[in-house]
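Okay, so here's the structure we're looking at.
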Amino acid sequence: MLLAKVICVACMAQSVWFGVPVSAGSADRVIARAPSATGLVDLGVRGYLEGRYAQARDLLVKALSSKALDENRRMGALYYLACCHIALDDVPAARRVFAGLLKRRADYLLPAGTAPKIVRVFEKVKARLAARTSPRIEKHPQPEKIEPPLNPALENPASLPPGKKEPEKDHGSRWWIWALVGGVVAGVAVGLGVGLSGSGSDRGRAIINIKVKVIE
Amino acid sequence: MNLARALKLLVVPALVLFGAGCGGQPETATVSAGLLIPRGLAEQLSTVTVYLFETHTNRPRCDELENTATFPTYDGQEYKKVPIIFSNVQTAVIDDIPDKGPVWRFYARGFDDTGTPIADGCDDGLYTIEPGSEMQLTLEITALQ
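Residue numbers (the working numbering), protein chains in the order written: chain V, 1031 to 1246; chain Y, 7 to 151.
Right under this line is the structure:
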């Protein structure tokens, strides 16, 4: 009896770790005895690769329900679960799984060699999610002409009553232009002031040339 | 504010500077004064001092300057004067003269080797110097009476 139990356990271990096909009954036993969620994922993946899609789907769903599953294994389980749904012609379910996968990792890339049918479903889901998350750009008709303000107070800020200020503009990135303009204007003012004061004073610019002419 | 607006703001002062450089600085006014001296008198003269008086109500008049009794009253009140030493040069320049406002009178006084005044000359006319103008005048020297 003891020998028979040992042989049974050995067969089950072989089926789990070495890819030996397992029957539905033995799978139930494997599920029941699965030591961890990681083992369930491995069984589910193996079941998918061997064409046992429904069984693999159940194994993967059970594995994903475990919180102990690490992130990489979880991503792989989601991928194979979606593949199982597609293989079972349950595309809406596959879309939901892919959506959950992409919400976890938006830059997820399908493994190389993925079937085109699966790629199409994945790309549609990805495009739909991208459209939802990206800002919506709407085109507004451009106004034909911008009329100047009719209020003279808005045209002449000096006429604004005290307490009302013109809306401030962001000139922070243009400070060097204003500095340059201010420097030039100040230079002009100083130059003109000095020049005009010089020419307006009593110190003139006339020169008297005297030449002696001896006449007979 | 874009770059075009900034450039406009730079162009305006540049134009102001250009205008000031072209029209704001008048050309130097020049007065050419010919000092006419008879040869006989010139041989006796050692120096001639040209006086530039700024007149007020036509004073000093020529008769006041040519009168040896009243001349000392105005000697030293001239705006500028320049001596011409015959043995060395026969030209002189009076510069830094106001080119607007004052009215001028020219007077010349000649001295012999001992520094004694022996001749003079006065222009009855009054002159105003306009900025950038060119004038000519003649000052004839005669022996003191």
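Glycine included, every Cβ here is placed at the ideal spot set by N, Cα and C.
Below-9 Å beta-carbon distance, residue i vs any chain Y residue
i                       : result
residue 1209 of chain V : no
residue 1237 of chain V : yes
residue 1149 of chain V : no
residue 1246 of chain V : yes
residue 1155 of chain V : no
residue 1242 of chain V : yes
For residue i, three-class secondary structure by DSSP
i                       : result
residue 151 of chain Y  : coil
residue 111 of chain Y  : strand
residue 59 of chain Y   : strand
residue 1076 of chain V : helix
residue 135 of chain Y  : coil
residue 142 of chain Y  : strand
residue 87 of chain Y   : strand
residue 95 of chain Y   : coil
residue 65 of chain Y   : strand
residue 1084 of chain V : helix
residue 1099 of chain V : coil
residue 123 of chain Y  : strand
residue 1209 of chain V : helix
residue 51 of chain Y   : coil
residue 1147 of chain V : helix
residue 40 of chain Y   : strand
residue 1014 of chain V : This structure cannot settle anything about residue 1014 of chain V, because the visible part of chain V is limited to 1031 through 1246.
residue 116 of chain Y  : strand
residue 1156 of chain V : helix
residue 1093 of chain V : helix
residue 1236 of chain V : strand
residue 1243 of chain V : strand
Nearest-angstrom Cβ-Cβ length linking residue i and residue j, presumed shorter than 8 Å
i                       : j                       : result
residue 98 of chain Y   : residue 1240 of chain V : 4 Å
residue 1121 of chain V : residue 1093 of chain V : With a Cβ gap of about 22 Å, residue 1121 of chain V and residue 1093 of chain V do not count as contacting.
residue 1078 of chain V : residue 1084 of chain V : The Cβ separation is near 10 Å, so there is no contact.
residue 1132 of chain V : residue 1159 of chain V : 5 Å
residue 147 of chain Y  : residue 126 of chain Y  : 6 Å
Inter-residue Cα distance where the pair is residue i and residue j
i                       : j                       : result
residue 36 of chain Y   : residue 55 of chain Y   : 19 Å
residue 115 of chain Y  : residue 83 of chain Y   : 15 Å
residue 49 of chain Y   : residue 132 of chain Y  : 30 Å
residue 1243 of chain V : residue 78 of chain Y   : 27 Å
residue 104 of chain Y  : residue 151 of chain Y  : 33 Å
residue 57 of chain Y   : residue 86 of chain Y   : 6 Å
residue 136 of chain Y  : residue 1205 of chain V : 47 Å
residue 1052 of chain V : residue 1081 of chain V : Bear in mind that a pLDDT of 43 at residue 1052 of chain V, under 50, signals an unreliable position, so the number given afterwards is only what the model happens to contain. In a straight line, the C-alpha of residue 1052 of chain V is about 12 Å away from that of residue 1081 of chain V.
residue 1144 of chain V : residue 1073 of chain V : 19 Å
residue 129 of chain Y  : residue 106 of chain Y  : 20 Å
residue 1237 of chain V : residue 1209 of chain V : 42 Å
residue 73 of chain Y   : residue 149 of chain Y  : 12 Å
residue 1150 of chain V : residue 1207 of chain V : 54 Å
residue 112 of chain Y  : residue 65 of chain Y   : 12 Å
residue 1140 of chain V : residue 1095 of chain V : 22 Å
residue 1097 of chain V : residue 1068 of chain V : 11 Å
residue 70 of chain Y   : residue 42 of chain Y   : 21 Å
residue 88 of chain Y   : residue 63 of chain Y   : 24 Å
residue 123 of chain Y  : residue 142 of chain Y  : 26 Å
residue 1106 of chain V : residue 1163 of chain V : 24 Å
residue 1076 of chain V : residue 1111 of chain V : 12 Å
residue 108 of chain Y  : residue 1235 of chain V : 13 Å
residue 90 of chain Y   : residue 68 of chain Y   : 21 Å
residue 1153 of chain V : residue 1099 of chain V : 26 Å
Below-9 Å beta-carbon distance, residue i vs any chain V residue
i                      : result
residue 117 of chain Y : no
residue 83 of chain Y  : no
residue 102 of chain Y : yes
residue 96 of chain Y  : yes
residue 54 of chain Y  : yes
residue 42 of chain Y  : yes
residue 58 of chain Y  : yes
residue 122 of chain Y : no
residue 75 of chain Y  : no
residue 126 of chain Y : no
residue 1 of chain Y   : Because chain Y in this structure spans residues 7 to 151, residue 1 of chain Y falls outside the shown range and cannot be described.
residue 129 of chain Y : no
residue 111 of chain Y : no
residue 137 of chain Y : yes
residue 69 of chain Y  : no
residue 93 of chain Y  : no
residue 36 of chain Y  : yes
residue 45 of chain Y  : yes
Heavy atom of the ligand ZN within 8 Å of residue i beta-carbon
i                       : result
residue 1095 of chain V : With respect to small molecules bound, the structure shown includes none, and the ligand ZN cannot be examined in it.
#### Entry: alpha helix (DSSP H) runs wholly inside the segment 1111-1139 of chain V, at least 4 long, in chain order
The alpha helix (DSSP H) runs lying completely inside the segment 1111-1139 of chain V and spanning 4 residues or more are 1121-1134, given in chain order.
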